[in-house]
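Undergrad: After the structure tokens below, expect a handful of questions from me.
Protein chains: 2
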Amino acid sequence: MITELISVGTEILLGNIVNTNSAYLSEKCAELGLSVYYQTVVGDNETRMRETIQTALDRSDIVILTGGLGPTEDDLTKEVTAEVMGMKLVEDRHSRKLMEAYLEQYKKNNPQRKITANNYKQAMVPKGAIVLDNHNGTAPGLVLEKKGKTAILLPGPPGEMRPMFEESVFPYLRKKQPEIIYSQMVKICSIGESQVAEEIEDLIESQTNPTIAPYAKTGEVHLRITAKGKNEKECKKLIKPVVKELKARFGRNIFATEESKSLEEAVVDMLKEQEMTLSLAESCTGGAIAARIVNVSGASEVFLQGMVTYSNKAKRRCLDVSKSTLKKHGAVSEECAAEMAKGGRKASKTDICLSVTGIAGPGGGTKEKPVGTVFMGCSYKGCTQVREFHFQGNRARVREQTVAHGLAFLRDCMMERADKENN
Amino acid sequence: MITELISVGTEILLGNIVNTNSAYLSEKCAELGLSVYYQTVVGDNETRMRETIQTALDRSDIVILTGGLGPTEDDLTKEVTAEVMGMKLVEDRHSRKLMEAYLEQYKKNNPQRKITANNYKQAMVPKGAIVLDNHNGTAPGLVLEKKGKTAILLPGPPGEMRPMFEESVFPYLRKKQPEIIYSQMVKICSIGESQVAEEIEDLIESQTNPTIAPYAKTGEVHLRITAKGKNEKECKKLIKPVVKELKARFGRNIFATEESKSLEEAVVDMLKEQEMTLSLAESCTGGAIAARIVNVSGASEVFLQGMVTYSNKAKRRCLDVSKSTLKKHGAVSEECAAEMAKGGRKASKTDICLSVTGIAGPGGGTKEKPVGTVFMGCSYKGCTQVREFHFQGNRARVREQTVAHGLAFLRDCMMERADKENN
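Structural data, given as structure tokens:
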């Protein structure tokens, strides 16, 4: 069923708040197999709201609106939607009672605040609507059905909207859906977006059910495989051969086949499997790789220590980088990256150490080593590797890419190490 | 001028990513005095994209589109917009050259990667369009003007879109505006959003020109004062007394009155002024505070060393936290935070050291110390302070708040230290 989301609120149009409601509802709709074709944001303006709602009801089966259900003059979502759908407003006794109880409690906690008559406007509902109780605020949610079209009105604050959606709207929509949608993620690192796109071009061109959608992230490419079917089992059966084919094409560059698994989690899992402890010696990333690793709950088992050695002094003192290396080759050099990794491993007494040193800009670039030049070192027993990178973009972009490619490089080195050990 | 934002991307309609681009652009448009009436999200579907763009160009003067400029088959924004506006695509030599240089560099760094012909599709531009260079990726931005309507096409990744907007689009739009709009930012830390809102309620209620708009950021509140006038001088004159009043109300909690100045920059500036060197001892934030400090170009002058001591072992070895403290009070305690700060200062031989230790979740919480409990320590000559925080939200939110409040705490301590010295 074609679904459309409308967020009502001038504060979104002014950029005062980020529209997280639409992201939340979109994800839930995808889970329910509803095809969201549009998200719209419109302000608290009657004319524009009317047009937006009319257009949405014309082209979609289900329209979910958030915001504009409050007690102020500006809150018009219910009035306008009812008008567009040709439904009259009547007082809902149950809502009126709930509201009275809520306001009673509120008054007790906030004796200095006045309760305005406006509040009772929230108990007026379109005749024939399904009323959804709001356990976290005063504005009830509403489901309006007419001539095969459905409008669902939810309060704007996420703390009221989300519980109401989960409790009432999700089961309501699930019943409406004859078909199930199921999707699986395949996450790839160490290959660029366009190469991935090219290698699956034939698959994407011939796809019907399931479909493959690529998402480019910094240093990663995610492929979402989505199937429609009668039930989850049928969907999984449709997805399985596609995942198998992707595994054959991308091999070890696939670091996860679960939606929720991040690259840092894949790295931490690999460390645990290989029973390796990790340390990090960071210069230009200034601790950002460590912060990514610590994203993983329970990383402390394997991640023993991070050293942020942004100054040369710290590189010498903490990592024992030699004076002559810094003098002869500079802090941003193959030699320095290697010594940082070796020294970091020694100082932290860990099995493996990743080091990064580079020029993030805006200053510090030279003709030989322009901004974006990054050296990474990785040291484990019997081996120290160095890789050179040249990233594009401003300081933040260079560092972001360094972090992502640093994690991928660490993963590559760990796989190599395990290969050597097994041979 | 009526402005409308269109984000193109099925990944937004699936809820895979939150639409932060629209929030960013809305804020910038407000700053420019452009009235944003609608934000729309549409998928990578030719028919729906055409309808959406047509509707937007009919009802608005300026349409800003983000996303769908990449090299894949799915990327259709440029093609469809050019078609709707009746403009033909031609190869742009300059873009082609830039792309070749970018890809050449990319090939050097990634010798195993193939460059696909797809990439060159990005050098095709609508005839007569203004081409905006992309210094952080391959897809150029575009400005299309026809019959009094303007379409601005920007790449979807925020790391590419934002610098392009600031460098090229902002000045372009500013020129289009007949009236001058001028705004100044007042940035506040160490006070909550609702307290700020309450303290300026009277100012906001009585405002006409200039206006004050509050934006809540993590650990910060930004107040944008915007004036309309004939020229910059007139605007500045209108803004001056408001800034003065805000300074009187918020005093030292104001850390910046410049748009571009970040909290970490304010901290680094203060360190330079006070001639102090800094070290950081981070547990639950895992290097994220260090990464924020290293955001500041030239931070190496004052930031000597970061220690990421996520494990107890590292807390003991690097920071000399005593065994008995860890055993008796635990790693997340006032005592441990104090010892971490003192030990970190000693180990790094710096003038001041900030430490953080806390429970970011999802595991590790107890009744006495629930998830979100964070202790911070700050040590300088003759003084070690500890502050306790209780943050709400998931792991990422707790850490994000810890980083922001950590920087604010460090700033507070430095001001106190300077006060003591001056008395």
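Heads up: the sequence lines are chains P and A, in that order. Read left to right, the first sequence gives residues 1 to 423 (UniProt numbering). Read left to right, the second sequence gives residues 1 to 423 (UniProt numbering). Glycine included, every Cβ here is placed at the ideal spot set by N, Cα and C. Please read these numbers as outputs of a predicted model, since none were measured by experiment.
#1: Going along the segment 289-307 of chain A in order, which residues come within less than 9 angstroms of chain P, judged by CB to CB distance?
#2: If you measure beta-carbon to beta-carbon, which residues of the segment 313-326 of chain P are closer than 9 angstroms to chain A?
#3: Consider the Cβ of residue 242 of chain P: report whether some Cβ of chain A lies at a distance smaller than 8 angstroms.
#4: If you follow the beta strand (DSSP E) that residue 220 of chain A is part of, which residue opens it and which one closes it?
#5: Roughly how many angstroms separate the alpha carbons of residue 173 of chain A and residue 17 of chain A, rounded to a whole number?
#6: If we require 4 or more residues per run, which alpha helix (DSSP H) segments fall completely within the segment 98-178 of chain A?
#7: Threshold first: 4 residues or longer. Then list the alpha helix (DSSP H) segments lying entirely within the segment 246-290 of chain A, N to C.
#8: Helix or strand or just coil, what does DSSP make of residue 214 of chain P?
#9: Grouping DSSP H, G and I as helix and E and B as strand, with all else coil, what is residue 14 of chain A?
#10: Checking contacts by CB at 8 angstroms: is residue 19 of chain P closer than that to chain A?
#11: Indicate the three-state DSSP secondary structure (helix, strand or coil) for residue 38 of chain P in the structure shown.
#12: How big is the Cα-Cα spacing for residue 166 of chain A and residue 99 of chain P?
#13: Along the beta strand (DSSP E) that carries residue 407 of chain A, what are the first and last residues, could you check?
#14: Could one say the Cβ of residue 126 of chain P lies closer than 8 angstroms to chain A's Cβ atoms, at least one of them?
#15: With a cut-off of 8 angstroms, does the C-beta of residue 209 of chain A fall near any C-beta of chain P?
#16: At 9 angstroms on the CB atoms, spell out the chain A contacts of residue 50 of chain P, in chain order.
#17: Between the C-alpha atoms of residue 209 of chain A and residue 137 of chain A, what's the straight-line distance to the nearest angstrom?
#18: Could you tell me if the beta carbon of residue 104 of chain A falls within a distance shorter than 7 angstroms of some heavy atom in the ligand ATP?
#19: Could you give the DSSP three-state label for residue 77 of chain A: helix, strand or coil?
#20: Step through the CB atoms of chain P and report whether any lies within less than 8 angstroms of the CB of residue 199 of chain A.
#21: At a CB-CB cut-off below 9 angstroms, which residues of chain P make contact with residue 108 of chain A?
#22: Using the C-alpha atoms, what's the distance from residue 345 of chain A back to residue 27 of chain P?
#23: State the CB to CB distance for the pair residue 350 of chain P and residue 278 of chain P, rounded to an integer number of angstroms; the pair is presumed to be in contact (CB under 8 angstroms).
#24: Name, in chain order, the residues that DSSP records as bridge partners for residue 387 of chain P.
#25: Give every residue of the same chain whose Cβ lies closer than 6 angstroms to the Cβ of residue 39 of chain A, excluding the five residues on either side of it in the sequence, and list them in chain order.
#26: Classify residue 354 of chain A as helix, strand or coil using the three-state DSSP reduction.
#27: Strictly below 9 angstroms CB to CB, what residues from chain P border residue 42 of chain A?
#28: So with CB distances below 7 angstroms, who are the chain A contacts of residue 400 of chain P?
#29: Would you identify the three-state DSSP class for residue 183 of chain P, choosing helix, strand or coil?
#30: Which word fits residue 342 of chain A, buried or exposed, when buried means at least 16 other C-beta atoms lie within 10 angstroms of its C-beta?
#31: How close, in whole Å, do the beta carbons of residue 218 of chain P and residue 388 of chain P come, if the pair is a contact with beta carbons under 8 angstroms?
#32: Can you look up residue 207 of chain A in the DSSP assignment and give me helix, strand or coil?
#33: If contacts are defined as beta-carbon pairs under 8 angstroms, then residue 372 of chain P and residue 289 of chain P qualify, I think. What distance do you get, rounded to the angstrom?
#34: Exposed or buried, what is residue 462 of chain P when buried is set at 16 or more other beta-carbons lying within 10 Å of its beta-carbon?
#35: Listed from N- to C-terminal order along the chain, which residues in the segment 362-387 of chain A have their beta-carbon within a distance smaller than 7 angstroms of any beta-carbon of chain P?
#36: Between the alpha carbons of residue 394 of chain A and residue 298 of chain P, how many angstroms are there, rounded?
TA: Inspection of the coordinates gives the following:
#1: 289, 290, 291, 292, 293, 294, 295, 297, 298, 299, 300, 301, 303, 304, 305, 306, 307
#2: 313, 314, 317, 318
#3: no
#4: Counting along the chain, the beta strand (DSSP E) containing residue 220 of chain A begins and ends at 220-229.
#5: 28 angstroms
#6: 158-164, 170-176
#7: 263-273
#8: strand
#9: coil
#10: yes
#11: strand
#12: 47 angstroms
#13: Run containing residue 407 of chain A: none in the beta strand (DSSP E); it sits in the alpha helix (DSSP H), 395-422.
#14: no
#15: no
#16: Listed along the chain, the chain A residues whose CB falls inside 9 angstroms of the CB of residue 50 of chain P amount to none; the nearest CB is some 13 angstroms away.
#17: 40 angstroms
#18: For the ligand ATP, the structure offers nothing, since it holds no ligand at all.
#19: Judged by DSSP in its simplified three-state form, residue 77 of chain A adopts helix.
#20: no
#21: 390
#22: 46 angstroms
#23: 6 angstroms
#24: Partner(s): P:376.
#25: Here the set comprises 5, 22.
#26: Residue state, collapsed to three classes: strand.
#27: 37, 38, 39
#28: 159
#29: strand
#30: buried
#31: Not confirmed; about 19 angstroms, so no contact.
#32: coil
#33: 17 angstroms between Cβ atoms; not a contact.
#34: Because chain P in this structure spans residues 1 to 423, residue 462 of chain P falls outside the shown range and cannot be described.
#35: 362, 363
#36: 15 angstroms
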